[in-house]
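Below: the structure, in structure tokens.
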Amino acid sequence: MAAAEPDGLTKDLQSAEFLNGEIAGFWKYLKRVGDRVYIAITAWDGDHYLIELTCDNYSVEPCLGRFVDPESLACVESAWPQGNETFGAWFKWQPANFFICWPGDRGGIAHHADWRQQKYWQQTGNPLAQYMEFLRTCLTVRGNGYRPRNKL
Amino acid sequence: MSEFIIELIGSDDSAKEITVPFSDAETLQTLIDRVDEQAGVDGRSTVEAALGLDGIVDDNRGLAGVAWPREATRIRTALIEVHFETEHKRHRFLEHSKWARVHQWSCKAFSVASDACVHLELREGSPKGPPINERQEIGRHPECKIVWLVKPGPEPNGRR
């Protein structure tokens with residue numbers, strides 16, 4: 186019997202774009218539980234955050250990103266990277282309203298229904314790497330307003 | 030006058046000794062700038078290496094009383110060519126320095142204001158090349174390494 190074809194998410198987890206980000210030390214794949222993947226991402230100050238991407242119906246629908254506590258995997262305010270007003274335009278870390286305001290994220294689209302027709306998450310052919318590159322840019326380019334949670 | 034002697038070791042193991050004069054009446058910043066200009070190597074990291082410091086707290090500190098090494102400061106360097114818009118410059122950096130030093134030096138070298146500098150990042154080989162992790166060491170490069178200082182494309186959100 187032929188081996189089952191890997192699903193789209195598995196393929197993109199093994200793609201050069203995703204692996205190059207790992208080799209460069211920007212992020213690190215930790216585990217996959219069903220349709221959820223857990224990836225640690227490093228900010229410019231060296232602090233790590235854990236993103237949980239729920240990717241059911243991968244590439245047809247955008248993934249849903251949430252930052253979670255590395256121990257409990259609970260989505261709590263302290264797990265979210267925070268920053269100034271510029272940074273806050275993408276990341277909504279207020280407990281009553283956690284979501285990522287970006288047209289490649291399912292939560293973002295839930296708040297901006299007009300984004301759906303753009304199909305932003307399908308623009309590169311690798312929604313996972315596109316998502317991680319978005320997070321990397323926000324967390325490593327200082328002008329995007331990320332504020333370290335630990336004093337430097 | 031005193032002398033700051035630097036032995037530059039290239040990634041090809043070639044060695045070159047450079048002497049940079051200074052007086053006790055001058056500041057660390059003056060010496061850093063002179064090393065940059067006369068030795069063609071990152072002055073800040075070189076002075077830090079000579080003094081065994083992780084960072085210089087006060088650039089305006091006078092050189093009188095600084096515990097200066099008597100022997101040459103031996104440093105391994107990599108040649109980096111930085112491109113910014115239509116210009117490019119070559120400079121040497123310590124192999125163990127972080128890429129963030131190249132970013133900082135480049136903004137100064139290309140007269141980029143600090144509020145614009147924070148919106149830029151380094152990319153490998155071309156403006157659309159892979160992003161460089163500025164927390165990582167520059168490392169050994171047998172040949173001149175080409176990098177670009179660019180502004181990444183904007184990521185949309187609910188406000189734009």
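For the protein sequence lines, the chains are G and V, in the order given. Each residue of the first sequence is one higher than the one before, starting from 186 at the first, in the numbering used here. Each residue of the second sequence is one higher than the one before, starting from 30 at the first, in the numbering used here. Ideal placement from N, C-alpha and C gives every residue a C-beta, glycine not left out.
For V/PRO50, the enclosing beta strand (DSSP E) begins and ends at 44–51. With a 10 Å radius around the Cβ and a threshold of 16 neighbouring Cβ atoms, V/VAL176 comes out buried.
Taking a C-beta cut-off of 8 angstroms against chain V, the contacting residues of the stretch 222–255 of chain G are THR227, TRP229 and GLY231, listed in chain order.
Short of 8 angstroms from the beta carbon of V/ALA129, and not among the five residues preceding or following it, lie these beta carbons of its own chain, in chain order: GLU163 and ARG164. V/ARG105 is positioned such that its CB atom lies closer than 8 angstroms to that of V/ILE38. Taking 8 angstroms as the upper bound for CB-CB distance, G/ALA274 and V/GLY187 are in contact here, some 6 angstroms apart. Assigned with DSSP and collapsed to three states, G/LYS196 falls in helix. Apart from the 5 residues on each side of it in sequence, V/ILE161 sits with its Cβ closer than 6 angstroms to the Cβ of TRP128, LEU151 and GLU153 in its chain, given in chain order. G/ARG221 carries a strand assignment under DSSP once its states are collapsed to helix, strand and coil. Put simply, the backbone Cα of G/THR239 is about 27 angstroms away from that of G/GLU270.
V/THR59 sits in a helix when the DSSP states are folded into three classes. Note on geometry: alpha-carbon atoms of V/LEU178 and G/ASN242 lie some 38 angstroms from one another. Contact note: V/GLU36 does not reach chain G at a C-beta cutoff of 9 angstroms; the least C-beta distance is about 31 angstroms.
Rounded to whole angstroms, the Cβ separation of G/TRP229 and G/MET317 is 16 angstroms, and the two are not in contact under 8 angstroms. According to the DSSP secondary-structure assignment, V/GLU163 is paired through a beta bridge with no residue.
Listed in chain order, the non-local C-beta contacts of V/GLU110 below 8 angstroms within the same chain comprise HIS117, LYS118, ARG119, CYS173, LYS174, ILE175 and VAL176, local neighbours out to five positions each way being set aside. The C-beta distance from V/HIS170 to V/ALA68 rounds to 18 angstroms, too long to meet the 8 angstroms contact threshold. Here G/ASP232 has PRO333, ARG334 and ASN335 as same chain residues with Cβ atoms under 7 angstroms from its own Cβ, once five neighbours each way along the sequence are excluded. With respect to chain G, the C-beta atom of V/GLN165 has a partner C-beta closer than 8 angstroms.
Using a Cβ distance threshold of 8 angstroms, G/GLY210 and G/ARG321 do not count as a contacting pair. In this structure V/VAL49 is not in contact with V/ILE61, their Cβ atoms being roughly 10 angstroms apart against a cut-off of 8 angstroms.
Secondary structure within the stretch 93–127 of chain V: the beta strand (DSSP E) runs of 3 or more consecutive residues, fully enclosed, are 102–113 and 116–123 (chain order). Short of 6 angstroms from the beta carbon of V/VAL64, and not among the five residues preceding or following it, lie these beta carbons of its own chain, in chain order: VAL49, GLY72 and THR75. Residue environment analysis places V/LEU149 among the buried positions, since at least 16 neighbouring C-beta atoms fall within 10 angstroms of its C-beta. No Cβ-Cβ contact shorter than 8 angstroms links V/ILE85 with V/VAL131. By the criterion of a C-beta distance shorter than 6 angstroms, G/GLY250 is surrounded in its chain by ILE236, LEU238, ILE285 and ASP290, once the five residues flanking it on both sides are discounted. When Cβ-Cβ separations below 8 angstroms define contact, V/GLY187 makes contact with chain G. In the DSSP secondary-structure assignment, G/HIS233 is bridged to G/THR227.
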